[in-house]
Every structure is written in structure tokens, then in C-alpha cells.
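Everything below concerns the one structure shown next.
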């Protein structure tokens, strides 16, 4: 029983890191520009397909492929911002929601046409670490390390660089930031790009250990909503913590209850947090 | 304000997702297959025989989680249709030559869509006969419609026994029933290692897989096996680590279960990576698929039940020995025609699609007409051997249409002398192409 608990805890924590950075992208975009990005799911799926295509076509190591995917995600996110979001940013909130939903539908449609919904699998393994009951897949371990590095990098960027400080300034008070000469449009575009980068990277990491289709991002997007609410709206570090909590729940609940109870308890927790502590467990933060 | 807005919108989004997930979805349908041209006269009579085109209605999962298996089933059915039309069609008692055309839609692997589309096939498209979609869940949804609109439906890719115990009189099953899917794997285990007694069963909670493992559990307990874990998972599961940790803690000799290709192949991969130490793994549906070999070493040793494999060799001679009527093409001819048409080896899903058409063809030939009652009577009386195996239907009121002739074979992924993975038939012993690899590495 002790080993079962420990093994489940470790597995839950490792997957929680990946959930965390997926949710961080959603949280960042909301925190800076008050936009709920419903295109988060296909952006994650495109990250998965990016790793798959680079690995299967030119044999590029999935972790090296992530660098390229991050770059494409950043540029793609900026492009999506200028094409679909920028013009409706000042319109009622429903407009941005519909704009990102439209982007979602376009990407899902194009992705289905290009890749169908046949499950894909990145045939890549790093083996396992440990033995007996305590065996951990190395790809999950590496994913957790990459997620930690990405989180550290994001915080360094936000707190130690000028563009990062600009993002925080715009998030806190857009009008005041503009009066200080900060180009808010560019900052918002950069924020959306960063959110997209995080979605694509998390998708790429998931592809190293789970199969996927173009629709695979939906489940993770739903988890991301739970995590963002749990961790605190607009609080990226809270999103990481929320991811870890959700991961641990997914690891430990099946020890005492059938697997099918996991989503039930997750969403009960979601509703409880919304009712009791709507600022999230770690508080809303910019 | 901002926070409450987020909360409100989050709830709206989640609510709408739930509605979308539960409700029917609007999707484009595929273009119908072009109608076959009128059959050429294949007779010595001076007058041109009458010709008729029969519409076969069905859906396939061109999108969604059942896409892989369903596409192969569709390909098999289409191959049958192309071949029978090319040969001139089927001759009825009055001399009319019947050719076939397909009316088909994408069901998106969605049960609600299946009911909408089969209603459309029966009422608007006026399909003469129906073939089921792939999977027990979707076929069960279609069977209700077929019976309601008095249409004969041959089900394929639909093994769940319960569909045939609803009192339907026009639904006929091509597959071996689910209750027989994993019992042979248990017989194989018993023969290979009589000391192995602890079995963990982890299964997808869809109706087919649940039906399989419930039958397995009853069968195993009857033979004195100890079921140390019996737990279901959602068909969309991708992360099996929590379940595998429980399996490891139960220390079974064998792991059995699975569901369909997507979850089964993921489960097999994670079982391998977690080094569970079980000596025997038997999973549903995924192992017989060629794509399963993409798992590499994780595929090695995994056993799977198959409705049909290219190595299975039923012939006119074996039909004569069994006292059955031989009908249709040979396995070798089916395999080569399928390869030529689709540039891939056929799987049992492909053969399942083909055999559904072949069964219908034989029934129409025997009935000599397209009348539903006459064709149903021909199906009730059918007792034939084909490249796919024995076909015979239960005609009792309790389980009318249930397949009682056909039997499963069990494949295992093994390495040849060059280290390449390949499928071998390991059970039943009389049809085995290699001894079982046990325990798995």
C-alpha cells in the first residue's frame, strides 16, 4: 500500500507539472488581456503534431523539436492576436470569446482535414527509472523538468526583463502603462504569443508519452480551466500549483475509488472553489 | 468584476461543452458513393434481363475515436461491393440482376449521430438493406432503428451479445459474440501455465468491452482463477498510470482487458514502460491491428483475439469436411485484392466489412428476391463456411441473430530470427503458427 501511494503520488506530480504549464498559458492570457482563449485546445494539439511531424519525418529529438515548436507557437500566437483578437479587444467580452472560439473551429477543421482524427503516437521512449512498484517513465520525468525550466524562464522573463515588466504593467493598469509610453498593443500581442507558446510546449510534452488526435487538446483545456480557477485567476505560479494539485488528485483518487470518479471529484472541487474561494487557492494576482 | 466575469464565462464554457458532448452534433456528411452502373447482361438469353440497383445504407466513423477500425471495415465492405458489381451483380429468381450502391455518412464515432443518420438512411434515402456502423455501442444504436423501420441489418464490428437479446428479428451478427472474446485467451494461459492463477482485468467501460470482461470474469472464476483486480476506465483515457499502479500492487500473473485501438495500444505501452512484471497480457481489439507494432518492444508478447487473420485458411475442402456449404472467395484472394485496393494488409475489421456484404449477397441469392421477409428467412437458414469462417445465426426468440457459427483466433506479437515484430496465431492449438511466447519479456 505504501509503494502504491508513493508511485501514484509521483506519477500525479509529474503529470501535474505538464498540466501546470498548459494552464499557465490560459492564465497568462486572461491575466493580461481579460480574454478566455478557447483556441487553447487546438494550439496544444498543434504542439503535439509539431513534435510528431518533426520526429517522424526528420527524426528530430522531441525535446529539441520543442524549441522550434515554442518559437512557432510564439510567432503563431502573435499572428492570431493581430488577426482575430486585436480588433475585438475593446468590444464586449463575448466578442473575444467568440473570436477565439472561431479560431478554435478553424484550426480543428483544418487539422482534421490535414491529419484526420486517427490517433497518432510518437514512437519515442527513454525507458523507465526504478523497479518493481516504483517505476517511473523517464519521458514523464523529463517533461516535469522541462515544465519547471519553462516556468522558471517565464518568471525570469516577467520579472527580470523589460518586455516582461511591460506585460506586468499592462496587466495591472493598461491605461497607466500606455501613459508611461508602453506600447500596449505589442505587449498584448506578446502576451498572447507567450500563452500560445506555453500551450504548444505543453502539448509537445504530452505527445512524448500519450497518443493524441487533433481533438486531444479538449480534455486538457477543460483541465486547464479547473486549474486556473484553483490556482487563482491570472496567477501563473498558482496555475502551476493548481496543476500539481490536479495531477496528485488524478494519481491518488484511483487508489480508493474507481478511476471513473476522478473527473467527478475534480469538478466538484472546481465548483466548491468557485463558490467558497473564487480568487483561487493562491489568490488572483497580476 | 473581472473575476466574476471569468467565473461566469468559465461556467458558460463548461456548460456549453457539456451540452456539446451530450447532444447531437451537426456535421457534414460525406458524399454518397456513386451508384454502380447497371450490370451488364451476363446471360445467354437474347433479351436484356431486368436490372435493379439496391441501396446499402451504413455509416462509418471517418472522424472520432473509432476511425481506425471503422475505416478498415468500410474498406472491406467497399471491396465486396466493387467486386460483386464488377461480376455483374446478384441474380434474383425472376432473372433481375441486382447491383449495389452505398449510401453512407460519417457518424463521428457518435451514438446520437448514428441514430439520426440511420433514421435518415431508412426513411429519406430509402436504403433497401443496412450494414451496422463499427463498434457495439454504435451498432446497438443503429439496430433499434433498423428494426423500427423493418430493415434487415447485418452487424459487423459489433460483438456485444446484448444487442441480439432485445427481441430484434432483423438484426444479424457477423462477429463472434463478445462473451467469447477473451475466454480463449484464458484457455491459452491455462494450457501454457497451469500455475498462473491471479488475473487483473482492466477494461474500457463501453458496452462491448464490459460485456467481454463480464463473460471473462464468470468463465475465469468458474475455472478457479482469482480475479485480483476488476476495474473499468473511461474509453477516452490516455493516462493509465494510476490504474497500472493498482495492477502492480495486486501482483497478477496475467493482465487482461482493454477496449479499442486507441486506449488498448496506450495501455499496452504504459504497461511495458511501468514494467509491471505480468507474465501474460491479453487485450481486446488493438493487438491484431498492424499499427500495434508501432509500439515496438511494448507490443512484444501481447496477445489479442481476432475474428480473422490472413493466415487462417478455410477452403472448400474444409467446408466439405465440416459438412458445410462453401461460399465466396478464398482468404488468399481476399487478402491480395484488399492489398491491391488499399496498399495495406487487411485486418479482421477489413474482413468483417467484406463478410457483412457477402452474407447479405448470399441471403439475397438464396431468397431469390429483395423482400425483407424472404431475405430474413434465408439468413435464418444460413449455415455456410467462408474465408472468414463459419456463419450461422441463432434463431431462438431469446437471442435471434446472434452469431453461433464463427470462432475467434488469438494472435501474439513475436520477433522473428531477424528481430522483426510479426503476428503469430497462438490459439487454438490446431491452428497455431507458433507456440506462445511465455512469459513475456
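Protein chains in written order, with my numbering: chain A, 1 to 286; chain B, 1001 to 1441. Heads up, the beta-carbon is just placed ideally off N, CA and C, and yes, glycines get one too.
message = Just to confirm the assignment, what range does the alpha helix (DSSP H) spanning residue 1226 of chain B have?
response = On the second chain, residue 1226 of chain B is found 226 positions in, with the first residue counted as 1. Where residue 1226 of chain B is concerned, there is no enclosing alpha helix (DSSP H), although the beta strand (DSSP E) it sits in stretches over 1226 to 1233.
request  = Using alpha carbons as the reference points, say which of B:1359, B:1156, B:1202 lies closest to residue 1070 of chain B.
outcome  = In the second chain, the residue the question calls residue 1070 of chain B occupies position 70. It is B:1156.
ask   = Does DSSP put residue 1256 of chain B in a helix, in a strand, or in coil?
value = Looking up residue 1256 of chain B in the second chain gives position 256. Reduced to three states, the DSSP call for residue 1256 of chain B is strand.
ask   = Skipping 5 residues on each side, what residues in its chain have a beta carbon closer than 6 Å to that of residue 187 of chain A?
value = As a position in the first chain, residue 187 of chain A is number 187, starting the count at 1. The beta carbon of residue 187 of chain A is closer than 6 Å to those of 166, 167, 170 in its chain, skipping five residues each way along the sequence.
query = Which residues mark the beginning and the end of the alpha helix (DSSP H) in which residue 163 of chain A is found?
reply = Position 163 of the first chain, counted from the first residue, corresponds to residue 163 of chain A. 162 to 172 is the extent of the alpha helix (DSSP H) around residue 163 of chain A.
key: Same chain, Cβ closer than 7 Å to residue 1250 of chain B, five either side skipped, listed in chain order   = The residue labelled residue 1250 of chain B in the question sits at position 250 within the second chain. Excluding residues up to 5 positions away in sequence, 1200, 1228, 1229 lie with their Cβ nearer than 7 Å to the Cβ of residue 1250 of chain B in the same chain.
Whole-Å CB distance - residue 1152 of chain B paired with residue 1376 of chain B, under 8 Å assumed = Stepping through the second chain from its first residue, residue 1152 of chain B is reached at position 152. Stepping through the second chain from its first residue, residue 1376 of chain B is reached at position 376. Going by Cβ atoms, the distance from residue 1152 of chain B to residue 1376 of chain B rounds to 6 Å, so yes, they are a contact pair.
inquiry  = In whole angstroms, give me the CA-to-CA distance for residue 1246 of chain B and residue 1391 of chain B.
reply    = Here residue 1246 of chain B corresponds to residue number 246 of the second chain, with the count starting at 1. Here residue 1391 of chain B corresponds to residue number 391 of the second chain, with the count starting at 1. Taking the straight line joining both Cα atoms gives about 41 Å.
task = Show which residues of chain A have a CB atom less than 9 Å away from the CB atom of residue 1068 of chain B.
result = In the second chain, residue 1068 of chain B corresponds to position 68, counting from 1. Within chain A, 118, 119 have C-beta atoms less than 9 Å from the C-beta of residue 1068 of chain B, given in sequence order.
key: residue 1086 of chain B burial status per 10 Å Cβ neighbour count (16 or more: buried)   = The residue labelled residue 1086 of chain B in the question sits at position 86 within the second chain. With fewer than 16 other Cβ atoms from the protein chains shown falling within 10 Å of its own Cβ, residue 1086 of chain B counts as exposed.
query = Any C-beta of chain A sitting closer than 8 Å to the C-beta of residue 1445 of chain B?
reply = For residue 1445 of chain B there is no data in the structure shown, the boundaries of chain B being 1001 and 1441.
query = Along the region 185 to 202 of chain A, what residues have a CB closer than 9 Å to any CB found in chain B?
reply = Result list empty, no residue passes.
message = Going by DSSP in three states, residue 1422 of chain B sits in which element: helix, strand or coil?
response = By one-based count along the second chain, residue 1422 of chain B stands at place 422. Residue 1422 of chain B: strand per DSSP, three-state reduction.
Contact the region 16 to 30 of chain A vs the region 200 to 207 of chain A: 3+ CB pairs below 8 Å = Judged by Cβ distances under 8 Å, the region 16 to 30 of chain A makes contact with the region 200 to 207 of chain A, as three or more pairs qualify.
query = For residue 1122 of chain B versus residue 1132 of chain B, is the C-beta distance shorter than 8 Å?
reply = Within the second chain, numbered from 1, the residue matching residue 1122 of chain B stands at position 122. Within the second chain, numbered from 1, the residue matching residue 1132 of chain B stands at position 132. Taking C-beta atoms as the reference points, residue 1122 of chain B and residue 1132 of chain B fail to come closer than 8 Å.
For residue 1134 of chain B, the three-state DSSP class (helix, strand or coil) = In the second chain, the residue the question calls residue 1134 of chain B occupies position 134. In the structure shown, residue 1134 of chain B sits in coil (DSSP, three-state: anything other than H, G, I, E or B).
message = So with CB distances below 8 Å, who are the chain A contacts of residue 1246 of chain B?
response = On the second chain, residue 1246 of chain B is found 246 positions in, with the first residue counted as 1. Result: 4, 254, 255.
task = Examine chain B for any beta-carbon lying closer than 8 Å to the beta-carbon of residue 283 of chain A, and answer yes or no.
result = The count along the first chain starts at 1 and reaches residue 283 of chain A at position 283. Not a single C-beta of chain B is nearer than 8 Å to the C-beta of residue 283 of chain A.
task = Sort out for me which residues DSSP pairs residue 120 of chain A with in a bridge.
result = For the purposes of this step, residue 120 of chain A is identified with residue 120 of the first chain, where counting begins at 1. Beta bridge pairing from DSSP links residue 120 of chain A with A:212.
query = Which residues, in chain order, does the region 6 to 37 of chain A contribute to contact with chain B at a C-beta distance below 7 Å?
reply = Legend: CB atoms of the region 6 to 37 of chain A lying less than 7 Å from CB atoms of chain B belong to residues 7, 8, 11, 15, 30, 34, 36.
ask   = With 16 as the cutoff for other CB atoms within 10 Å, does residue 1154 of chain B come out buried or exposed?
value = Taking the first residue of the second chain as position 1, residue 1154 of chain B is located at position 154. It is buried - the Cβ of residue 1154 of chain B has at least 16 other Cβ atoms within 10 Å.
message = Per DSSP, what are the beta-bridge partners of residue 1060 of chain B in this structure?
response = Locating residue 1060 of chain B in the second chain gives position 60, counting from the first residue. Residue 1060 of chain B pairs with B:1106.
inquiry  = Tell me the DSSP secondary structure of residue 89 of chain A in three-state form.
reply    = Within the first chain, residue 89 of chain A is the residue found at index 89, counting from 1. In this structure, residue 89 of chain A counts as coil in the three-state DSSP scheme.
task = Would you mind sorting residue 1296 of chain B into buried or exposed? The rule is 16 or more other CB atoms within 10 Å of its CB.
result = Within the second chain, numbered from 1, the residue matching residue 1296 of chain B stands at position 296. It counts as exposed.
key: Residue environment, residue 71 of chain A, which counts as buried when at least 16 other CB atoms sit within 10 Å   = The residue you call residue 71 of chain A lines up with position 71 of the first chain. Counting the other Cβ atoms within 10 Å of the Cβ of residue 71 of chain A gives fewer than 16, which makes it exposed.
ask   = Between the Cα of residue 1403 of chain B and the Cα atoms of B:1323, B:1382, B:1051, B:1282, which residue gives the shortest distance?
value = On the second chain, position 403 is the one that residue 1403 of chain B refers to. Ranking the options by Cα distance to residue 1403 of chain B, first place goes to B:1382.
ask   = Residues in its own chain within less than 7 Å of residue 104 of chain A by CB, not counting five upstream and five downstream?
value = To locate residue 104 of chain A, count along the first chain from 1; it is residue 104. Setting aside the 5 residues that flank it on each side, residue 104 of chain A is surrounded in the same chain by 38, 39, 41, 42, each with a C-beta closer than 7 Å to its C-beta; the list follows chain order.
ask   = Among the residues of its own chain, which have a CB less than 7 Å from the CB of residue 253 of chain A, if the five just before and after it don't count?
value = To locate residue 253 of chain A, count along the first chain from 1; it is residue 253. Counting only Cβ-Cβ distances below 7 Å, and skipping sequence neighbours, we find 261, 262, 265.
key: Contact check, residue 1103 of chain B vs residue 1142 of chain B, beta carbons under 8 Å   = Taking the first residue of the second chain as 1, we reach residue 1103 of chain B at position 103. Taking the first residue of the second chain as 1, we reach residue 1142 of chain B at position 142. Contact: no.
query = So which residues on chain B does residue 258 of chain A lean against when the C-beta distance must stay under 8 Å?
reply = Sequence index remark: in the first chain, residue 258 of chain A carries index 258 (1-based). Neighbours of residue 258 of chain A on chain B, chain order: 1231, 1232.
message = Please list, in chain order, the residues of the region 222 to 252 of chain A that have any C-beta partner in chain B closer than 7 Å.
response = Answer in chain order: 222, 225, 229, 233, 250, 251.
task = Just the chain B side, please: which residues come within less than 8 Å of residue 128 of chain A by C-beta, in chain order?
result = As a working note, residue 128 of chain A is residue 128 in the first chain. What residue 128 of chain A touches in chain B: 1273, 1274, 1275.
key: Selected residue, minimal CA-CA separation from residue 1171 of chain B, among B:1187, B:1181, B:1192, B:1148   = Translated into positions along the second chain, residue 1171 of chain B becomes position 171. Answer by Cα proximity: B:1148.
query = So what's residue 1379 of chain B in DSSP terms, helix, strand or just coil?
reply = In the second chain, the residue the question calls residue 1379 of chain B occupies position 379. Residue state, collapsed to three classes: helix.
request  = Rank B:1059, B:1257, B:1278, B:1408 by C-alpha distance to the C-alpha of residue 1175 of chain B and give the top, closest one.
outcome  = To locate residue 1175 of chain B, count along the second chain from 1; it is residue 175. For the residues B:1059, B:1257, B:1278, B:1408, the minimum Cα distance to residue 1175 of chain B belongs to B:1408.
ask   = Helix, strand or coil: which one does DSSP assign to residue 1271 of chain B?
value = Position 271 of the second chain, counted from the start, is the residue given in the question as residue 1271 of chain B. Residue 1271 of chain B: helix per DSSP, three-state reduction.
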